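Data block below; observations after.
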Amino acid sequence: MLVNLREILAETRKNKYAVPAFDVNDLTTFKAVAETAEELRSPIIVMILDTDVKDGYLRYIVPMIKEVAAHSRIPICLHLDHGPDIETVIKYVSLGFNSVMIDASTLPLEKNIEITRQVVKLAHSAGITVEAELGHVGVGLSDSEETIMSFLTIPKEVDKFVKETQVDALAVAIGTAHGLYKGDPHLDIPRLKEIAKITETPLVLHGGSYTPEEQVKEAIITGISKVNIATELRVAFIKGIKETIATANEYVALSEIFEKPLLFMKELVKSKIELCGSSNRA
134 MLVNLREILA
144 ETRKNKYAVP
154 AFDVNDLTTF
164 KAVAETAEEL
174 RSPIIVMILD
184 TDVKDGYLRY
194 IVPMIKEVAA
204 HSRIPICLHL
214 DHGPDIETVI
224 KYVSLGFNSV
234 MIDASTLPLE
244 KNIEITRQVV
254 KLAHSAGITV
264 EAELGHVGVG
274 LSDSEETIMS
284 FLTIPKEVDK
294 FVKETQVDAL
304 AVAIGTAHGL
314 YKGDPHLDIP
324 RLKEIAKITE
334 TPLVLHGGSY
344 TPEEQVKEAI
354 ITGISKVNIA
364 TELRVAFIKG
374 IKETIATANE
384 YVALSEIFEK
394 PLLFMKELVK
404 SKIELCGSSN
414 RA
């Protein structure tokens, strides 16, 4: 069944688990996420990053996801990941997404609040939930550790941001980064504890790929409700493709090419569901 972000995260803080959120951009990645979540009876958040999809492709993949979700036995939220501006958010609202993220995190606080507030007003009028980001989660391979740590969420800004925007979920920067890491990340759990005391709004951990499991578990216990995964899913897919192509001939059935990538991605999705503690929560 299709649910929004508020509904799918409602019990997470109280019961100290998180819902994993996966970026998908084709049938195979979505199939891996949806089928594994069904098997484990886990709620799931399916995300699309606008820069990952070519023009026109959304008309194919979005109806497919919505159709499967509408007839699923588990809660599925269809969520826009990192909407860069109001125009992009409007596009995804018109496509039938029931949750969106507006990411104005690189802008000054007041401008971030202003843009986020506009998106919340628009989305809430249509029953759509909104995630925003305070602080800024950088990119592991291009940002130095010093840069990543310099953009951590400032706890004293949290109350003002949440009250003035009325967001449904808040992505916080506590030491993770998007993509691969140059070294090992060190999450600022004391900072997260302080943030969690300030607001009951569900908190989101971006950059969940390759973040040490023990740190992710501690973050979930402390107050993280949603864990984003993208890079690890892609790596599993590419690994499966490479292993298949290495031994396949030019006459191989296309369905066979995707068997190993699907298997590898399902194994990854299962491990993340277990890490988040969301199995048997549906």
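Each number in my numbering comes from the position in the sequence shown (counting from 1) with 133 added on.
Glycine residues also receive a C-beta, built at the ideal position from the N, C-alpha and C atoms.
Keep in mind that this is a model prediction, so the values were computed, not measured.
If you ignore the 5 residues before and after I207, its C-beta comes within less than 7 Å of the C-beta of A170, E171, R174, S175, P176, I177, A415, all in its own chain and listed in chain order.
Between G356 and A329, the gap from beta carbon to beta carbon is short of 7 Å.
The residue among L401, V402, F370 with its C-alpha nearest the C-alpha of I390 is F370. For L395, there is no enclosing beta strand (DSSP E); the residue is part of the alpha helix (DSSP H) that begins and ends at 392-409. Of the other Cβ atoms in all chains shown, fewer than 16 fall within 10 Å of the Cβ of S258; this residue is therefore exposed. Under the DSSP assignment, P345 falls outside any alpha helix (DSSP H); it carries neither an H nor an E label. With a beta-carbon spacing of about 4 Å, S342 and E365 fall inside the 8 Å limit used to define contacts. Assigned with DSSP and collapsed to three states, F155 falls in strand. Y225 counts as buried, since no fewer than 16 other beta carbons sit within 10 angstroms of its beta carbon.
At least 7 Å separates the beta-carbon of S232 from that of L142. The continuous beta strand (DSSP E) containing S358 extends over residues 357-362. Considering only E297, N382, K399, the residue with the shortest C-alpha distance to V157 is K399. For the options V337, G410, L228, H339, the alpha carbon positioned closest to that of M197 is the one of L228. The Cβ-Cβ distance between V152 and S411 falls below 7 Å. The beta carbon of T162 sits closer than 7 Å to the beta carbons of L366, F370, M398 from its chain, once the five residues preceding and following it are set aside; these are given in chain order.
Counting the other CB atoms within 10 Å of its CB gives R146 a total of 16 or more, which places it among the buried residues.
Looking at the DSSP output, E264 bridges to M234, A302. Taking a contact as a CB-CB distance under 8 Å, the pair V360 and V368 does not count as one, their CB atoms being some 17 Å apart.
Rounded to whole angstroms, the separation of the alpha carbons of I331 and Y190 is 41 Å.
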